[in-house]
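**Student:**
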Amino acid sequence: MKGFWDKRYQTGDLPWDTGEFDFHLKRIIKECGIKPCKVLELGCGTGTNALWLAKKGYKVTAIDFSPRAVELAKIKAGDMRAHIKFMEGDVLKTKMGRAFAFAFDRGVFHTLHNKRKRAKLAKVVHRHLRKDGIWLSLIGNADGPILEVGPPRLTAQEIVTAVEPFFKIISLRASYFGTFGKPGPAAWECLMVKRN
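The sequence shown begins at 1 in my numbering and counts up one residue at a time.
Printed below as a string of structure tokens:
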């Protein structure tokens, strides 16, 4: 699996990498009043969202499976690297730190192709968040049309089954991947708070 993702980053076959920070992330930060805090980004890719958060004053730990993605993220961050801790590793196995107030993933959850691994991810994120920590996960939506190229697609029930033991779902909204005003594949925007 690691080789698959690294090859995608080496060849530049990255349809999900828009080069713009995620509009869901910006809106949720504002709506929830999430002030600068410790943030964990899962599947940071080339670091676009981590860099945006760091520029806003958040202390970011960003992890990705692909060594090439982490290398590209470090290059993109340049002088801002001092404000972001980039890590290469498997989010299900790597110790990423503790007491994060906010976790963000844009597409990690849906790449886990069985319910046991999705539940394990929820447990891992729960463990890394502080009391009342918030997790925003963007997930391919099975209600959208089947596309030739697009993210893995999950049902709302598959999401709820995995996260409910560890998180209270604040909202689960139908949305889309893409950039500001340019819709792409269907997505779920799942906003959760840690069960203590």
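By construction, the Cβ of each residue, glycine as well, lies at the ideal position given by its N, Cα and C atoms.
So, for N196: in the same chain, excluding its five sequence neighbours on each side, which residues have a beta-carbon less than 8 Å away from its beta-carbon?
**Tutor:** Same-chain partners within the cutoff: K131 and D132.
**Student:** Under a three-way DSSP split, which group does D64 fall into?
**Tutor:** In the structure shown, D64 sits in a strand (DSSP, three-state: E or B).
**Student:** Once you ignore the five residues that flank I169 on each side, which residues in its own chain have a CB closer than 6 Å to its CB?
**Tutor:** M192.
**Student:** So, for G150: in the same chain, excluding its five sequence neighbours on each side, which residues have a beta-carbon less than 6 Å away from its beta-carbon?
**Tutor:** P185.
**Student:** Which complete beta strand (DSSP E) runs does the region 81-141 hold, if anything under 3 residues is left out?
**Tutor:** Listed in chain order, the complete beta strand (DSSP E) runs (minimum 3 residues) inside the region 81-141 are 84-88, 100-106 and 129-140.
**Student:** So C32 packs on A73, CB below 8 Å; how close in whole Å?
**Tutor:** No, C32 and A73 are not in contact; Cβ-Cβ is about 25 Å, not under 8 Å.
**Student:** So the candidates are L51, H128, T155 and P152; which of them puts its Cα closest to the Cα of I75?
**Tutor:** Among L51, H128, T155 and P152, the Cα nearest to that of I75 belongs to L51.
**Student:** Classify I29 as helix, strand or coil using the three-state DSSP reduction.
**Tutor:** Three-state DSSP puts I29 in a helix.
**Student:** Per the contact definition of three or more C-beta pairs closer than 8 Å, is the region 97-115 in contact with the region 128-147?
**Tutor:** Output reads yes: the region 97-115 touches the region 128-147.
**Student:** Please name the residue, chosen from T18, K7 and A162, that lies closest to P183 on a Cα-to-Cα basis.
**Tutor:** Checked all of T18, K7 and A162; the closest Cα to P183 is T18.
**Student:** According to DSSP, simplified to helix, strand and coil, what is L166?
**Tutor:** The residue asked about is misnamed: residue 166 is Phe in this sequence, not Leu. Looking at F166 - three-state DSSP - the assignment turns out to be coil, as it is neither helix nor strand.
**Student:** My understanding is that K93 touches A162, with C-beta atoms under 8 Å, so please give their C-beta distance in whole angstroms.
**Tutor:** Wrong, their Cβ atoms sit about 18 Å apart, outside the cutoff.
**Student:** Just grab the DSSP bridge partners of G43 for me.
**Tutor:** Answer is none; G43 lacks a bridge partner.
**Student:** Please say whether L136 and E88 have beta carbons closer to each other than 9 Å?
**Tutor:** Cβ atoms of E88 and L136: not closer than 9 Å.
**Student:** According to DSSP, simplified to helix, strand and coil, what is F23?
**Tutor:** It is helical.
**Student:** Whose CA, out of N141, T46 and R153, lies closest to the CA of D64?
**Tutor:** It is T46.
**Student:** Less than 9 Å separating the beta-carbons of D105 and L138?
**Tutor:** Yes, they are a contact pair.
**Student:** For G150, does the three-state DSSP call read helix, strand or coil?
**Tutor:** Coil, per DSSP.
**Student:** In angstroms with no decimal places, state the Cα-to-Cα distance between L42 and A62.
**Tutor:** Cα-Cα distance, rounded: 6 Å.
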